[in-house]
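Heads up, the thing below is written out as structure tokens.
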Amino acid sequence: MVTVAVLGAGRIGRTVLAGLTRSGWPPQDLIATVRRSEHIAPIEDSLGVRVLSNAEAIDRSDIIVIAVKPQDADDLLTHLPPLPTGRLVVSLCAGLPTSFFEQRLPDGVPVVRAMTNTPALVDQAVTVLSAGRHADEADLERVEHLFTPLGGVLRLPENHQDAVTALSGSGPAYFYYLVEAMTDAAILLGLPRSIAHDLIVQTIVGAATMLRETGEHPVQLREAVTSPAGTTINAIRELERHRVRAAVADAVEAARDRGQAIADSMK
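Using this note's numbering, read the sequence shown as starting at -5 and increasing by one per residue.
Written out as structure tokens, the structure is:
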């Protein structure tokens, strides 16, 4: 078993650590680093994971996962001690390309860019990996092994990562927003909040399962629910009248653009 160090174990870093411990990864083979001392106890007490300094973490680990905020990555890399030979670096920093790390790390250090999402908390994440200039097949396999316990893992060329960040990285928030809106609508119709919540969540889970299990196009599945002159077509007409489809496209593009802006500001 390799030792994994998560540098900057904030929300997403702790999510990864929690997923690994749930999957049976030995806590003694996991290391965390934090910027603020009050974050030490929650990690050590709830996960059983050691919290060390960056220098100690790098010295004792095989895979180094950088999970700080993108705007903090440059300062972290500037103050890192030299990496021992054979270390593999994984970036969870949204928007930052592998070249950002390769320029600041010793020449030849393999870097893999990973975009995961918060459903990793319930082992239902989707993680997309992209290899940097020096990362090879063996490196990608090691990172796949790291993220597979958290959910599904895909590989894509790095030029797709900004779109992935906007779609699946931010995507859970879009669904939560939709659930909020549907819940408010249900309350206006007289349903108790708790009942509305259960109905909506199970409907979303069922619809997602049908998409995954049947392999049918979403248009086909939607049309199967939409009867002539029925309730559903009237609802769809209102969604189209309010340009919901266009609003979704604009929202995903805005998230993509923000990711690119973050990367540009760090050059």
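Built from N, CA and C at the ideal position, the CB exists for glycine as well.
Worksheet item: Who are the near neighbours of GLY165 in its chain, counting only those whose CB is closer than 7 Å to its CB and skipping five residues on each side?
Response: The answer, listed in chain order, is ASN111.
Fill in: Cβ shell of LEU215 (< 8 Å), same chain only, five flanking positions each side left out
Excluding positions up to five away in sequence, the list reads ALA201, MET204, LEU205, THR208.
Item to complete: Return the chain-ordered list of same chain residues with a C-beta closer than 7 Å to the C-beta of LEU161, the five sequence neighbours on each side being excluded.
Response: Excluding positions up to five away in sequence, the list reads VAL246.
Worksheet item: Start and end of the alpha helix (DSSP H) containing SER259?
Response: SER259 -> alpha helix (DSSP H) spans 238 to 259.
Discussion item. Please report the distance separating the alpha-carbon of HIS286 from that of ILE6.
Written reply: Outside the shown range of the chain (-5 to 261) lies residue 286, about which nothing can therefore be said.
Practice prompt. Can you give me the Cβ contacts of LEU71 inside the same chain, cut-off strictly under 6 Å, excluding the 5 residues immediately before and after it?
Written response: The beta carbon of LEU71 is closer than 6 Å to those of ARG98 in its chain, skipping five residues each way along the sequence.
Worksheet item: For ASP130, which residues of its own chain have a beta-carbon under 8 Å away from its beta-carbon, when the five flanking residues on both sides are left out?
Response: Sequence-distant Cβ neighbours of ASP130 in its own chain, meaning closer than 8 Å and more than five residues away, are PRO104.
Discussion item. ASP39 and MET(-5) - do their beta-carbons sit closer together than 7 Å?
Written reply: No, the pair does not count as a contact, with Cβ atoms beyond the cut-off.
Discussion item. Out of ASP192, SER93, MET109, which one is the CA nearest neighbour of ARG127?
Written reply: Nearest in C-alpha terms to ARG127, of all of ASP192, SER93, MET109, is SER93.
Item to complete: Would you identify the three-state DSSP class for LEU144, choosing helix, strand or coil?
Response: LEU144 falls in the helix class under three-state DSSP.
Discussion item. Do SER124 and ALA144 have their beta-carbon atoms positioned less than 7 Å apart in this structure?
Written reply: A small fix is needed here, since residue 144 is Leu in this sequence, not Ala. Cβ atoms of LEU144 and SER124: not closer than 7 Å.
Worksheet item: With DSSP run on the structure shown, which of helix, strand or coil describes ALA190?
Response: Note: ALA190 maps to helix in three-state DSSP.
Worksheet item: Considering VAL122, what are the terminal residues of the beta strand (DSSP E) in which it resides?
Response: Element bounds for VAL122: 119 to 125.
Item to complete: Kindly indicate the opening and closing residues of the beta strand (DSSP E) around THR79.
Response: Premise fails: THR79 is in no beta strand (DSSP E) and is neither H nor E.
Worksheet item: Given that a residue counts as buried once 16 or more other Cβ atoms are within 10 Å of its Cβ, and exposed if not, what is THR225?
Response: By the beta-carbon neighbour count (other beta carbons within 10 angstroms, threshold 16), THR225 is exposed.
Practice prompt. Note down, in chain order, each residue of its chain lying with its Cβ closer than 7 Å to the Cβ of GLY163, except the 5 sequence neighbours on either side.
Written response: For GLY163, where only same-chain residues beyond five positions count, the Cβ hits under 7 Å are ALA88, MET109, ASN111.
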